[in-house]
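Numbering (the numbering used here), first residue to last: 2 to 119.
Structure, as structure tokens:
Structure below.
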């Protein structure tokens, strides 16, 4: 499997997991989400902003505190690659460049963290 296949797999995973979580959030409310589900929702929102809008400004419409929430989760769960990536968010251009490079590793860690809770 190539690195591109891995990226596609993580992209698919994030979109599918995000859809399930959005549905749960809509039906049962924000409080129904576990910490890892909330983190996946934050990653989904971040992915939406970066890939569809090319800007973190889009988070204002999707989930305004996604970066802060996801960073707190990543630090608490000791997800180093995600923590390091989110620490770059103050420099939006560098962050977006790094996002594409680190996406697969960040999603892999987030997925592992979520699966270990089920």
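No residue lacks a Cβ here, since even glycine has one placed at the ideal position from N, Cα and C.
By DSSP, does residue i sit in helix, in strand, or in coil?
{"i": "residue 12", "result": "helix"}
{"i": "residue 68", "result": "helix"}
{"i": "residue 118", "result": "coil"}
{"i": "residue 73", "result": "helix"}
{"i": "residue 97", "result": "helix"}
{"i": "residue 18", "result": "helix"}
{"i": "residue 90", "result": "coil"}
{"i": "residue 2", "result": "Confidence is the limiting factor: at residue 2 the pLDDT is only 43, short of 50, which leaves the residue's position unreliable and the question unanswerable from this model."}
{"i": "residue 104", "result": "helix"}
{"i": "residue 81", "result": "helix"}
By the 10 Å Cβ neighbour count, where 16 or more other Cβ atoms means buried, how is residue i classified, buried or exposed?
{"i": "residue 48", "result": "buried"}
{"i": "residue 16", "result": "exposed"}
{"i": "residue 115", "result": "buried"}
{"i": "residue 51", "result": "buried"}
{"i": "residue 42", "result": "buried"}
{"i": "residue 70", "result": "buried"}
{"i": "residue 1", "result": "Since the first and last residues shown for the chain are 2 and 119, residue 1 lies out of range."}
{"i": "residue 100", "result": "buried"}
{"i": "residue 37", "result": "buried"}
{"i": "residue 46", "result": "buried"}
I'd like the span of the alpha helix (DSSP H) that includes residue i, first residue to last.
{"i": "residue 44", "result": "36-49"}
{"i": "residue 60", "result": "60-63"}
Below 8 Å on the Cβ atoms is my contact criterion, and I expect residue i with residue j to pass it. Report the Cβ-Cβ distance as a whole number of Å.
{"i": "residue 83", "j": "residue 111", "result": "7 Å"}
The segment 56-71 in contact with the segment 19-34 per 3-pair CB rule at 8 Å
no
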